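The listed protein sequences correspond, in order, to chains D and A. Heads up: the first sequence is residues 15 to 212, going by the working numbering. Heads up: the second sequence is residues 15 to 212, going by the working numbering. Note that the Cβ used here is the ideal one computed from N, Cα and C, for glycine as well. Just so you know, these numbers come straight off a predicted model, no measurement behind them. Data first, discussion second: the structure below is written as structure tokens.
There are 2 protein chains.
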Amino acid sequence: MHHTKTLLEPLLVMLRAIEPISEALELALINSFVVVEVQKNAMLLKEGDVCKNLWFLANGLLRSYHNIGEKEITSRIMFTSHIVISPGSFFTQTPATESIDALANCTLAKITFDQLQIIYQKFPEFNYHTRLITEQYFYNNEQRLYMLRKHDAISKYLYFLENYENFMRQIPQKYIASFLNITPETLSRTRSKLSKIK
Amino acid sequence: MHHTKTLLEPLLVMLRAIEPISEALELALINSFVVVEVQKNAMLLKEGDVCKNLWFLANGLLRSYHNIGEKEITSRIMFTSHIVISPGSFFTQTPATESIDALANCTLAKITFDQLQIIYQKFPEFNYHTRLITEQYFYNNEQRLYMLRKHDAISKYLYFLENYENFMRQIPQKYIASFLNITPETLSRTRSKLSKIK
DNA sequence: ATTATTTATTGACAAATGTCAACAGCGTTT
DNA sequence: AAACGCTGTTGACATTTGTCAATAAATAAT
Chain D
15 MHHTKTLLEP
25 LLVMLRAIEP
35 ISEALELALI
45 NSFVVVEVQK
55 NAMLLKEGDV
65 CKNLWFLANG
75 LLRSYHNIGE
85 KEITSRIMFT
95 SHIVISPGSF
105 FTQTPATESI
115 DALANCTLAK
125 ITFDQLQIIY
135 QKFPEFNYHT
145 RLITEQYFYN
155 NEQRLYMLRK
165 HDAISKYLYF
175 LENYENFMRQ
185 IPQKYIASFL
195 NITPETLSRT
205 RSKLSKIK
Chain A
15 MHHTKTLLEP
25 LLVMLRAIEP
35 ISEALELALI
45 NSFVVVEVQK
55 NAMLLKEGDV
65 CKNLWFLANG
75 LLRSYHNIGE
85 KEITSRIMFT
95 SHIVISPGSF
105 FTQTPATESI
115 DALANCTLAK
125 ITFDQLQIIY
135 QKFPEFNYHT
145 RLITEQYFYN
155 NEQRLYMLRK
165 HDAISKYLYF
175 LENYENFMRQ
185 IPQKYIASFL
195 NITPETLSRT
205 RSKLSKIK
């Protein structure tokens, strides 16, 4: 059994690194987050539902994806210490266009949108922290866009190796392929080409 | 000759819509922004330089792009009322990996990173506004990512027509092609295919 | 108005990737 | 140990897109 406080520690460290937070805010956060455990393959969010929670992924691996026709297109892969939401849905509290599920057993701490708004009201200074965090995630997205704009599979994969590989060890290749927006077959061939060169 | 106050009005309207702002903050903003006029083809930011300004594009059209080999890859197209920065560079005040230049004569209002920090210090409540704005731009990026992940040129172009066309009228096709991450030739062919079907 | 320059269209061909299918490797279940 | 399911690899082929080149159309310059 996990205590919320212990699980949240890495998040609190991240927040304090931005700017120290008051005891009261820290307590409010600890009291508002709830621990959730989900099994591998469990679904955290289903396309069409409103993303009412923000999760802190204390441990595990998640994947978000769109259903296009019969295919699933991975939009993001999220690992330990990630803050997890479906952005469009959470920010505007409208139905999500993507689903999120667990690639491994996960331990999370969640807070609802409403509870978060209460915290913002009581602790307006918290907007500073989340502004910086949002900026950081925003910038990560720019990098993703940059990767997807690469012309061919090799460039994408090399960029991936340089920038994401550390986070992405032990992830099934088919999800990496989807992350790079190529088929598993093409990724497999790209990898074998590169290993022959080297 | 333009007055800062008049030019900033659409920005102020946007901010007030999020939450009313104090007279003092409004005045601080008006006094911190400086009007800039740039001619078509002028360069606002050059790859390698630190993005020290945040611009509000009061009128005109801008394009950001990466130089890859001999080619320019358009990352964003920004039109009237857009807030313009090079995210990675501005947020962290490190050298930019992209350039920004004017596709048309533009009227802008700019504020430096340092001046903006002063405003945040004096008016911490302003973090609330910019958090929401950053969230919105973040979500726009997610949509861009979704578009780029579409399998073929037709899907991308159709998605573009539904979601961006209004903003993008009168933009040279070659930039739209670059925005969709396809060549101008492919875009031209895609358009002619679609017009024959219809 | 006329020229010059840039942009868009079209064709022919090459290159890259997707699709479909067979099979190998691996771990899980029974 | 055998059967099963899932993932990854490899091959053959179809499809899509990129590349290069020629030309037309549209813009800008003189």
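Handout entry: Close beta carbons around D/V48, own chain, < 6 Å, minus the five adjacent residues each side
Key = Translated into positions along the first sequence, residue 48 of chain D becomes position 34. Cβ neighbours of D/V48 beyond the five flanking positions: K124.
Problem - Proximal residues, the stretch 122-154 of chain A versus chain D, C-beta separation under 7 Å - result: P138, E139, N141, Y142, T144, R145, T148, E149, Y151, F152, Y153
Problem - Inter-residue spacing [alpha-carbon to alpha-carbon] between A/F174 and D/E86 - result: Within the second sequence, residue 174 of chain A is the residue found at index 160, counting from 1. Within the first sequence, residue 86 of chain D is the residue found at index 72, counting from 1. If I take the Cα positions, the gap works out to 21 Å.
Exercise for the section: Starting from the Cα of A/A72, find the closest Cα among A/T121, A/E139, A/F140, A/N45 and give me that residue. Expected result: Walking along the second sequence from the start, residue 72 of chain A turns up at place 58. Nearest C-alpha to A/A72: A/T121.
Practice task
Evaluate D/I132 with the Cβ neighbour count: other Cβ atoms within 10 Å of its Cβ, from every protein chain shown; 16 or more gives buried, anything less gives exposed.
Solution key: Taking the first residue of the first sequence as 1, we reach residue 132 of chain D at position 118. Exposed.
Exercise for the section: Kindly give me the distance between the Cβ atoms of A/A118 and A/A56, rounded to whole angstroms, as I take these residues to be in contact under 8 Å. Expected result: Residue 118 of chain A sits at position 104 when you count from the first residue of the second sequence. Residue 56 of chain A sits at position 42 when you count from the first residue of the second sequence. The pair is not a contact, with the Cβ atoms about 10 Å apart (cut-off 8 Å).
Exercise for the section: Measure from the C-beta of D/T106 to each C-beta in chain A and report whether the shortest distance is under 9 Å. Expected result: Here residue 106 of chain D corresponds to residue number 92 of the first sequence, with the count starting at 1. Yes, D/T106 counts as interfacial toward chain A.
Handout entry: Outcome for A/V27 when other beta-carbon atoms lying within 10 angstroms are tallied against a minimum of 16
Key = For the purposes of this step, residue 27 of chain A is identified with residue 13 of the second sequence, where counting begins at 1. Result: exposed.
Handout entry: Cα-Cα separation, A/E176 to A/G74
Key = The residue given as residue 176 of chain A occupies position 162 in the second sequence. The residue given as residue 74 of chain A occupies position 60 in the second sequence. Near 22 Å, if we compare the C-alpha coordinates of A/G74 and A/E176.
Problem - Span of the alpha helix (DSSP H) around A/V27 - result: By 1-based counting over the second sequence, the position of residue 27 of chain A is 13. It spans 18-32 - the alpha helix (DSSP H) in which A/V27 sits, taken as one unbroken run.
Practice task
Would you give the residue range spanned by the beta strand (DSSP E) that A/E51 belongs to?
Solution key: Mapped onto the second sequence, residue 51 of chain A falls at position 37. From DSSP, the beta strand (DSSP E) with A/E51 extends over 48-52.
Handout entry: CB contact check: A/I185 to chain D, cutoff 9 Å
Key = Here residue 185 of chain A refers to the residue found at position 171 of the second sequence. No, no contact with chain D.
Practice task
Helix, strand or coil for A/H143, going by three-state DSSP, please let me know.
Solution key: What you label residue 143 of chain A is simply residue 129 of the second sequence in a count that begins at 1. Of the three classes helix, strand and coil, the one that applies to A/H143 here is helix, per DSSP.
Handout entry: Unbroken alpha helix (DSSP H) run spanning A/K188, endpoints
Key = The count along the second sequence starts at 1 and reaches residue 188 of chain A at position 174. 187-193 is the span of the alpha helix (DSSP H), which, as asked, contains A/K188.
Exercise for the section: Using three-state DSSP, classify D/A38 as helix, strand or coil. Expected result: Reading the first sequence from its first residue, position 24 is the one you call residue 38 of chain D. If DSSP states are grouped into helix, strand and coil, D/A38 belongs with the helices.
Problem - Pair within 9 Å by beta-carbon distance, D/I190 and D/I91 - result: Taking the first residue of the first sequence as position 1, residue 190 of chain D is located at position 176. Taking the first residue of the first sequence as position 1, residue 91 of chain D is located at position 77. In contact: D/I190 and D/I91 (Cβ atoms closer than 9 Å).
Exercise for the section: Could you name the residues that DSSP lists as bridge partners for D/M57? Expected result: As a first step, residue 57 of chain D is located in the first sequence; it is residue number 43 there, counting from the start. D/M57 pairs with D/D115.
Exercise for the section: Reducing DSSP to helix, strand and coil, say where A/I168 ends up. Expected result: Sequence index remark: in the second sequence, residue 168 of chain A carries index 154 (1-based). Correct three-state label for A/I168: helix.
Handout entry: 9 Å Cβ cut-off: residues of chain A touching D/S89
Key = Residue mapping note: residue 89 of chain D aligns to position 75 of the first sequence, counting from 1. Result: E156, L159, Y160, R163.
Exercise for the section: Give a yes or no on whether the C-beta atoms belonging to A/G62 and A/P101 are separated by under 9 Å. Expected result: Within the second sequence, the letter at position 48 stands for residue 62 of chain A. Within the second sequence, the letter at position 87 stands for residue 101 of chain A. Cβ distance not < 9 Å, so A/G62 and A/P101 don't count as in contact.
Exercise for the section: Would you mind telling me which residues of chain A sit closer than 9 Å to D/H80, beta carbon to beta carbon, in chain order? Expected result: For the purposes of this step, residue 80 of chain D is identified with residue 66 of the first sequence, where counting begins at 1. Ordered by position in chain A, the residues that pass the 9 Å Cβ test against D/H80 are Y160, R163.
Handout entry: Where D/P109 meets chain A, residues with beta-carbon distance less than 9 Å
Key = Mapped onto the first sequence, residue 109 of chain D falls at position 95. What D/P109 touches in chain A: nothing, since even the nearest Cβ is about 14 Å away.
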